[in-house]
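> One structure, pasted below without further comment.
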Amino acid sequence: MDKFALLQFYALAKREVLEHRNLFVGAPAMVALLILVASIWVALQLEQAELAAALEYLAILFDGLSPFDMAPFFMLLAIPFFATLYVCSVIYLINTLYQDRKEMSVLFWQSMPVSNLQTVLSKVFTIVVVAPIFYVLIIFALYLIAMIWLTLLGISNDINLVGIGWMFLAALTSLLFIYISAFVTSLWLLPSMGWLLLFSAFAKKTPLLWAAGVFILVGFLEDFVFGTQYLANWVESRAANPNQYFIFDFQSVFEKLFNYDMLFGLLVGSILLAGAVYMRRFID
Amino acid sequence: MKNIILRNRYTLLLTTLTAYMAVLVAEGAITGREARIVDFENPFFDLSVNNFEQFRESRNDAGDDRRAERQGDRRIDEDDDG
Chain D
25 MDKFALLQFY
35 ALAKREVLEH
45 RNLFVGAPAM
55 VALLILVASI
65 WVALQLEQAE
75 LAAALEYLAI
85 LFDGLSPFDM
95 APFFMLLAIP
105 FFATLYVCSV
115 IYLINTLYQD
125 RKEMSVLFWQ
135 SMPVSNLQTV
145 LSKVFTIVVV
155 APIFYVLIIF
165 ALYLIAMIWL
175 TLLGISNDIN
185 LVGIGWMFLA
195 ALTSLLFIYI
205 SAFVTSLWLL
215 PSMGWLLLFS
225 AFAKKTPLLW
235 AAGVFILVGF
245 LEDFVFGTQY
255 LANWVESRAA
265 NPNQYFIFDF
275 QSVFEKLFNY
285 DMLFGLLVGS
295 ILLAGAVYMR
305 RFID
Chain R
4 MKNIILRNRY
14 TLLLTTLTAY
24 MAVLVAEGAI
34 TGREARIVDF
44 ENPFFDLSVN
54 NFEQFRESRN
64 DAGDDRRAER
74 QGDRRIDEDD
84 DG
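For the protein sequence lines, the chains are D and R, in the order given.
Taking the working numbering as reference, the numbering of the first sequence is continuous, increasing by one, and the terminal residue is 308.
Taking the working numbering as reference, the numbering of the second sequence is continuous, increasing by one, and the terminal residue is 85.
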């Protein structure tokens with residue numbers, strides 16, 4: 025890839041972030057703020073001695089343990105951020121190409137030296153690579169505030185701070201796992217992303233209703249025409265188990281990225297993304 | 004062929020969805036993909052969504068038993084009144 029193409033792609037990704045900063049920065053910042061306020065409220069309900077005892081327990085629990093072993097504990101705390109990321113991703117994907125046509129900015133972008141393929145890929149890139157970075161940075165800020173607060177609390181109550189240091193290391197390690205989990209899950213759900221983008225490029229009105237309605241219709245048609253339920257089975261196999269969305273160790277990254285189901289999902293997702301790219305030709 | 008597919012948005016959507024379904028059905032048929040249906044385990048009844056017919060039959064049988072029991076109770080009440 026030459027330098028100009030990289031610059032084009034960088035500009036497209038930057039545009040996505042600037043146009044949707046509420047989804048990528050505002051939403052996780054709001055979740056972090058809510059968690060912080062809830063934590064402070066809980067802390068205010070407790071006696072100082074109880075708080076100090078809880079902190080001492082945590083310091084002893086984490087002291088000397090490998091951050092990689094304790095990181096999953098912090099990944100559970102990140103579940104509200106994962107949920108927010110997926111909800112925001114659905115909102116973004118279903119609206120992004122539709123909005124371009126609605127406000128006619130598609131004409132401007134098509135007059136620029138960027139292809140429809142680059143535009144659609146930049147949207148996939150934004151969800152798979154860029155959005156998780158903002159979420160991880162905001163979780164990092166939350167952990168940093170929490171650690172400063174716990175450290176001050178530890179100093180004021182004469183608690184051994186080495187355990188708090190180990191806890192902070194585990195929290196930092198969890199950020200890596202959170203990013204990898206979001207990245208791998210986005211690739212795992214590429215067919216869903218392709219489906220949403222296809223209907224975002226297709227629908228003249230209410231793209232979400234089109235996407236949901238046609239999905240149900242296609243499922244029924246498959247049952248009527250072929251007498252099979254492979255679509256429902258396939259979707260069920262991708263969505264039913266929440267464990268497939270989390271990565272707790274580095275060994276499982278390779279397994280999750282390079283297996284038959286993942287590669288087949290990428291193939292199916294590519295068909296739908298190709299449809300979305302060609303659909304960009306039709307402007308109302 | 005390309006002109007037909009790219010004639011309008013509807014033909015393109017139909018083609019994309021047909022390709023999507025064809026790949027899914029073909030892969031499902033070749034690999035024999037089966038749903039990993041969740042068995043809804045609980046102490047009151049057995050439900051496997053994969054075998055809904057059997058569940059309905061078992062529910063009907065249970066309903067018949069309950070009705071028979073209720074009729075038996077009613078007869079006993081009537082005998083007591085009589």
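Backbone N, C-alpha and C define an ideal beta-carbon position, used for all residues, glycine too.
Check whether the stretch 218-227 of chain D and the stretch 113-126 of chain D are in contact - that is, three or more C-beta pairs closer than 8 Å.
Taking 8 Å as the limit for Cβ pairs, the verdict is that the stretch 113-126 of chain D does touch the stretch 218-227 of chain D.
> Does any CB atom of chain R fall closer than 9 Å to the CB of Ser261(D)?
Cβ-Cβ to chain R under 9 Å: yes for Ser261(D).
> Should Phe106(D) and Ile204(D) be called a contact, given that it needs their Cβ atoms to be closer than 9 Å?
No, they are not a contact pair.
> If you check the beta carbons only, do Ala194(D) and Phe86(D) fall under 9 Å apart?
Yes, Cβ-Cβ distance for Ala194(D) and Phe86(D) is below 9 Å.
> Select from the stretch 14-28 of chain R all residues with a C-beta closer than 7 Å to any C-beta belonging to chain D, and list them in chain order.
Flagged, chain order: Leu15, Leu16, Thr19, Leu20, Ala22, Tyr23, Met24, Val26, Leu27 and Val28.
> Which one of Ala227(D), Leu232(D), Ala77(D) and Pro156(D) has the shortest CA to CA distance from Ala51(D)?
The shortest C-alpha separation from Ala51(D) is found at Pro156(D).
> Please list the terminal residues of the continuous alpha helix (DSSP H) segment that includes Ile295(D).
That run of the alpha helix (DSSP H) goes Tyr284 to Met303.
> Could you say which of Val160(D), Gln142(D), Asn184(D) and Leu145(D) lies nearest to Leu101(D) if we only look at CA atoms?
It is Val160(D).
> Checking contacts by CB at 9 Å: is Asn6(R) closer than that to chain D?
Not closer than 9 Å to any Cβ of chain D, the Cβ of Asn6(R) fails to qualify, so no.
> Does Ile162(D) come within less than 9 Å of chain R when only Cβ atoms are used?
Not one chain R Cβ lies under 9 Å of Ile162(D).
> Does the beta carbon of Val144(D) sit closer than 9 Å to a beta carbon anywhere in chain R?
Val144(D) does not count as touching chain R.
> Spatial neighbours of Leu281(D) within its chain, please: CB distance less than 7 Å, with the 5 preceding and 5 following residues excluded, ordered by chain position.
Excluding residues within five positions, the ones whose Cβ falls inside 7 Å are Val208.
> Is the Cβ of Trp258(D) closer than 9 Å to any Cβ of chain R?
Yes, Trp258(D) lies at the interface with chain R (some Cβ there is under 9 Å from its Cβ).
> Counting only beta-carbon atoms, is Gly237(D) nearer than 9 Å to chain R?
Chain R contact via Cβ: absent.
> So Gly187(D) and Ile84(D) are supposed to be a Cβ contact under 8 Å. How far apart are they, rounded?
That belief holds up - the Cβ atoms of Gly187(D) and Ile84(D) are roughly 6 Å apart, short of 8 Å.
> How is the alpha helix (DSSP H) around Ile271(D) delimited, first residue to last?
No alpha helix (DSSP H) holds Ile271(D); DSSP gives it neither H nor E.
> Run through DSSP, which three-state label would Asp182(D) get?
In the structure shown, Asp182(D) sits in coil (DSSP, three-state: anything other than H, G, I, E or B).
> Using three-state DSSP, classify Lys38(D) as helix, strand or coil.
In the structure shown, Lys38(D) sits in a helix (DSSP, three-state: H, G or I).
> Comparing C-alpha positions only, which one of Leu82(D), Gly251(D), Phe306(D) and Ala300(D) sits nearest to Lys147(D)?
Taking only the C-alpha atoms, the option nearest Lys147(D) is Ala300(D).
> Out of Gly289(D), Pro231(D), Gln275(D) and Leu291(D), point me to the one whose CA is closest to Tyr122(D)'s CA.
For Tyr122(D), the nearest C-alpha among the options comes from Pro231(D).
> Check Gly35(R) in the structure and name its three-state DSSP category.
Coil at Gly35(R), not helix or strand.
> Using alpha carbons as the reference points, say which of Gln74(R), Thr21(R) and Glu81(R) lies closest to Phe250(D).
Phe250(D) has its Cα closest to that of Thr21(R), out of Gln74(R), Thr21(R) and Glu81(R).
> So which of Gly289(D), Leu79(D) and Val41(D) has the shortest CA-CA distance to Asn181(D)?
Cα-wise, what sits closest to Asn181(D) is Leu79(D).
> Give the C-beta separation of Ala95(D) and Ala165(D) to the nearest angstrom, bearing in mind that I take them to be a contact with Cβ-Cβ under 8 Å.
18 Å between Cβ atoms; not a contact.
> Quick one: grab the DSSP three-state call for Asn265(D).
Of the three classes helix, strand and coil, the one that applies to Asn265(D) here is coil, per DSSP.
> Give the residues of chain D in contact with Arg10(R), contact being defined as C-beta atoms less than 7 Å apart.
Ordered by position in chain D, no residue passes the 7 Å Cβ test against Arg10(R), which lies about 10 Å from the chain.
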